[in-house]
């Protein structure tokens with residue numbers, strides 16, 4: 091079994107040339123690690139017997155019911171040649187086959203290279219990357235309310251992601267730029283990620299053409315050679331659960347994989363709808379579905395970077411609407427984390443998920459109960475870690491700030507508890523009297539600036555001071571923060587020539603076709 | 091080493107007599123278990139070596155610096171006779187001594203008997219009890235804002251706790267009834283718990299006299315014989331950290347322990363103030379302090395029920411104010427959980443802690459990050475699980491409802507994932523087509539009512555419906571819930587004669603002394 095590592099970061103072309111824009115000191119994200127290296131062990135919810143039970147059921151699903159790939163004969167043929175039984179568009183797999191196809195070549199860990207090499211992110215193992223919201227057609231802020239997203243909003247979210255020391259990607263479709271034609275907006279989105287951030291990003295998946303053009307823009311930025319040997323862009327796709335891959339999805343997956351670029355494959359299962367109403371079944375089904383997707387990338391190009399995704403959530407029994415941050419999803423994350431570690435591939439799950447309409451208590455409650463369990467489950471790639479509102483329909487400005495703060499807490503938490511001599515502070519006890527306090531002790535003075543996580547929106551002042559300051563709630567405080575951040579934003583440097591090359595490519599593609607709005 | 095179990099629940103006297111009040115069907119909390127039995131394993135944050143390091147430091151603190159008990163020669167003498175070195179009011183302990191004093195008699199688990207035996211709660215092992223907020227002088231609701239608590243507020247919180255299927259105690263000082271004299275209000279508080287709920291409760295700890303009278307009221311309710319052999323009331327005390335027990339506290343502890351009643355002993359450590367600014371030191375110090383308290387109960391009465399408590403939190407580096415739900419506290423819970431399991435005594439930690447002034451996103455965020463880690467740490471007794479606001483200064487009506495909902499999520503989560511044949515739902519896959527949905531499948535129909543936790547305040551409807559319904563946020567929805575609940579409340583049954591006996595005792599005590607207001 092070959093498990094290729096892809097650990098060498100290239101020097102991107104734009105960092106080798108002269109810099110565009112301000113020559114003065116630029117405002118940059120503060121110095122925090124460009125990704126999380128978890129010092130905490132993952133939570134082991136299930137015992138060996140339970141895990142084997144789930145794996146056996148996943149195999150039974152693949153064997154008895156199989157997976158359909160609709161409208162992509164190439165993918166079907168790849169699986170048939172690899173040993174699956176093909177009947178029409180349905181593939182059936184004997185027990186262990188899909189796992190074997192994964193384990194013989196899928197990387198346990200790979201590097202997602204950023205244009206700023208200092209921001210490249212290892213995906214897998216003990217690493218976790220926190221990634222902004224993906225996909226909402228709407229945006230919301232306290233001043234202007236809920237409205238369709240625009241490219242201006244898109245750029246704002248890219249900038250906010252760039253500025254947060256606790257977000258490790260600038261993201262993908264941070265909101266839909268609805269003011270740009272559907273068949274052209276992917277170019278503007280990729281450009282915004284390249285130009286207004288230097289963190290890793292995701293590309294288009296809505297058609298093969300758009301995926302190819304996303305990759306082509308990376309060839310311009312990183313150079314064709316670098317792209318051939320390094321993962322510089324990810325495509326994020328969903329399974330049409332239950333048990334179906336749409337051919338558009340598999341062809342996009344093949345496009346990314348063939349170029350050696352990463353694919354995130356997530357069954358989206360709302361329990362009771364795209365899967366049975368019981369968690370065990372949904373976990374087994376999702377495992378079966380995700381494994382087939384990861385296996386496909388390996389049939390296209392052995393060693394291609396792939397992330398095993400999971401998006402399981404519950405529904406309201408009253409309305410049938412999706413619900414988030416609920417007990418069943420927390421448990422599923424933890425079980426899926428164990429299954430994925432046994433496969434030895436990177437895991438995506440979690441986020442700051444909520445069905446709340448605003449940044450209220452429901453929003454924070456559900457988001458906290460999505461993000462913390464995801465980290466504890468050992469997730470390596472956490473999409474929707476900031477900005478998600480209303481079941482993914484809305485990217486929220488205040489929510490983005492609230493979530494980035496929670497991400498900061500996770501970054502601090504997963505550094506673990508230092509247990510060195512300084513941490514035990516025995517000298518401090520020699521300095522202070524019983525029943526007094528450590529506030530002025532030398533140990534406190536030496537350690538207080540790094541001791542505790544400090545939120546930029548939580549309010550801990552006295553009631554009287556809070557009254558005097560206008561009785562602002564958390565969402566209102568977040569409103570001031572994103573405005574200040576956008577006001578202070580300065581773009582990371584980019585070569586003028588590179589900027590021109592990217593814009594030239596976009597112009598040429600845009601000129602080659604008519605606008606399409608659906 | 092003797093580890094007595096106290097598992098037989100008595101029949102309380104009031105359940106043997108004729109019932110007072112309505113003879114019709116009474117409104118009662120819905121049928122949920124009277125406590126959590128955790129099906130999830132506790133999270134093991136630290137390895138053996140790290141745990142031994144902390145234990146060694148705790149022993150070093152006890153040996154080198156020792157613990158002072160100020161103003162209680164009886165407690166000092168008990169420890170001196172048990173092998174501690176006494177110098178003035180300071181006790182020093184050789185390594186392992188305090189642990190030995192605990193382990194030779196402290197129960198790993200005990201039953202807190204409720205007046206309704208069906209609501210008795212085992213404290214320890216895999217059990218967790220969720221207990222309301224304790225101690226705030228203020229109350230808050232959306233209609234009347236923040237104000238001093240009254241006995242009417244107190245009774246309201248007792249009733250709300252009684253009505254929640256997810257709270258297992260009616261609590262202790264759910265708010266201070268500031269309209270009753272300081273030296274008499276404990277009687278009204280105990281009476282309210284006895285009369286308006288039938289769940290377990292906590293008694294007074296502010297003086298030996300008040301502790302004795304709390305216990306005496308229990309003798310009236312449960313009978314002196316029952317009380318002698320069963321834990322029917324708990325006293326909740328704090329250490330005067332660093333490294334000091336106040337004599338009032340130890341005398342109250344001795345009062346409860348001598349009567350065979352339970353004591354919860356919690357070092358309250360704000361890192362940087364009552365302990366060093368580094369977590370490892372605070373964990374070791376708290377371990378040392380809590381152990382000494384548990385040991386004292388065993389010196390007073392071997393086998394007396396005791397709970398090892400922990401209340402560690404962080405502070406804002408900007409204001410010096412306490413902060414809650416932060417990464418350092420989450421980690422400390424988990425480490426303390428491991429230390430406490432090694433001692434084999436019940437653990438108190440966590441809650442729904444926050445410094446937020448209202449039931450906003452900060453409040454939910456911090457509370458979620460206090461409650462879930464406490465459950466994962468294996469806490470057996472979680473005080474402040476509902477209602478706490480503003481660092482414990484305020485009992486919030488809306489917050490109480492928001493928190494009770496979160497408690498419901500924990501109850502559901504810690505039932506774990508069923509992995510039986512029904513849960514894997516293989517028949518459902520035979521019934522439905524690939525790519526369709528399970529909404530109408532027989533399996534969904536048979537399981538949907540119990541499949542997922544259903545919040546009573548989360549809003550999952552469409553944006554349009556939410557707009558039409560008035561754009562209510564989580565706190566506003568909670569406002570409607572507590573009003574409805576108090577409106578629908580019906581008291582649990584109590585003998586008329588018992589009610590008269592309790593009131594007669596209170597009147598007699600109250601008549602025996604002048605009001606004191608401080």
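Chains as they are written, first to last, in the working numbering: chain A, 91 to 608; chain B, 91 to 608.
No residue lacks a Cβ here, since even glycine has one placed at the ideal position from N, Cα and C.
Contact with chain B by residue i, beta-carbon distance below 7 Å
i	result
residue 460/A	no
residue 607/A	no
residue 564/A	yes
residue 507/A	yes
residue 534/A	yes
residue 229/A	no
residue 542/A	yes
residue 273/A	no
residue 627/A	Since the first residue shown for chain A is 91 and the last is 608, residue 627/A is missing from the structure and cannot be characterised.
DSSP beta-bridge partners of residue i
i	result
residue 176/A	181/A
residue 357/A	329/A
residue 472/B	220/B
residue 165/B	For residue 165/B, which the question treats as bridged, DSSP gives no partner whatsoever.
residue 485/A	229/A and 478/A
residue 610/A	The question about residue 610/A has no answer here: the residues shown for chain A are numbered 91 through 608.
residue 365/B	361/B
residue 158/B	180/B and 334/B
residue 504/A	Per DSSP, none; premise fails for residue 504/A.
Any C-beta of chain A under 7 Å from that of residue i
i	result
residue 234/B	no
residue 416/B	yes
residue 243/B	no
residue 558/B	no
residue 426/B	no
residue 502/B	yes
residue 551/B	yes
residue 257/B	no
Chain-order list of residues whose beta-carbon lies under 7 Å from that of residue i (same chain, five-residue window excluded)
i	result
residue 236/B	228, 230 and 484
residue 601/A	none
residue 360/A	403, 405 and 412
residue 238/A	227, 228 and 268
Any non-hydrogen atom of the ligand PLP closer than 6 Å to residue i Cβ
i	result
residue 449/A	As presented, the structure is devoid of all ligands, the ligand PLP included, so that no description of it is given.
Beta-carbon proximity list for residue i, same chain, < 8 Å, skipping 5 on both sides
i	result
residue 192/A	381, 384, 385, 388, 433 and 435
residue 563/A	none
residue 278/A	241, 244, 267, 270 and 596
Contacting residues, own chain, Cβ-Cβ under 6 Å from residue i (five flanking each side not counted)
i	result
residue 340/A	159, 162 and 165
residue 292/B	262, 324 and 326
residue 254/B	494
residue 273/B	606
residue 511/A	none
residue 328/A	356 and 358
Requested in this report: Compile a chain-ordered list of the residues in the region 439-456 of chain A whose CB is closer than 8 Å to at least one CB of chain B.
Outcome: Residues are counted here when their Cβ sits less than 8 Å from a Cβ of chain B; for the region 439-456 of chain A these are 445, 446, 447, 448, 449, 450, 451, 452, 453, 454, 455 and 456, given in chain order.
Requested in this report: Would you list, in chain order, the members of the region 326-358 of chain A that have their beta-carbon closer than 7 Å to a beta-carbon of chain B?
Outcome: 330, 332, 333 and 334
Query raised in the report: What runs of the beta strand (DSSP E), each 3 residues or longer, lie entirely inside the region 325-353 of chain B?
Result: 334-336
Requested in this report: Please name the residues in the region 147-168 of chain A whose beta-carbon is closer than 9 Å to at least one beta-carbon of chain B, in chain order.
Outcome: 147, 150, 151, 154, 155, 156, 157, 158 and 160
Query - Uninterrupted alpha helix (DSSP H) stretches inside the region 187-215 of chain A (no shorter than 4 residues) - result: 187-193
Query raised in the report: Can you give, in chain order, each stretch of the beta strand (DSSP E) that sits fully within the region 229-282 of chain B and has at least 3 residues?
Result: 235-238
Query raised in the report: Quick one: complete alpha helix (DSSP H) runs, 4+ long, within the region 507-548 of chain B?
Result: 511-514, 516-521 and 532-541
Query raised in the report: Of all the beta strand (DSSP E) runs that stay within the bounds of the region 370-455 of chain A, which reach a length of 3 or more residues?
Result: Counting only runs of 3 or more residues that sit fully inside the region 370-455 of chain A, the beta strand (DSSP E) segments are 396-399 and 401-405, in chain order.
Query raised in the report: Going along the chain, which residues of the region 396-413 of chain B sit with their C-beta nearer than 9 Å to a C-beta in chain A?
Result: 404, 405, 406, 407, 408, 409, 410, 411, 412 and 413
Query raised in the report: Closer than 9 Å, Cβ to any Cβ of chain B: which residues of the region 513-529 of chain A, in chain order?
Result: Across the region 513-529 of chain A, CB contacts with chain B closer than 9 Å involve 513, 514, 515, 516, 518, 519, 520, 522, 523, 524, 525, 526, 527, 528 and 529, in sequence order along the chain.
Requested in this report: For the region 293-329 of chain A, list the beta strand (DSSP E) runs that are entirely contained and at least 3 residues long, ordered along the chain.
Outcome: 324-329
Requested in this report: Closer than 8 Å, Cβ to Cβ, to anything on chain A: give me those residues from the region 133-148 of chain B, in chain order.
Outcome: 133, 134, 135, 136, 140, 143, 144 and 147
Query raised in the report: Got a sec: which bits of the region 365-384 of chain B sit with their beta carbon under 7 Å from any beta carbon on chain A, in order along the chain?
Result: 365, 366, 367, 368, 369, 370, 371 and 374
Requested in this report: Below 9 Å between beta carbons is the criterion; list the residues of the region 461-482 of chain B that meet it against any residue of chain D, in chain order.
Outcome: Of the protein chains in the structure, A and B, none is chain D.
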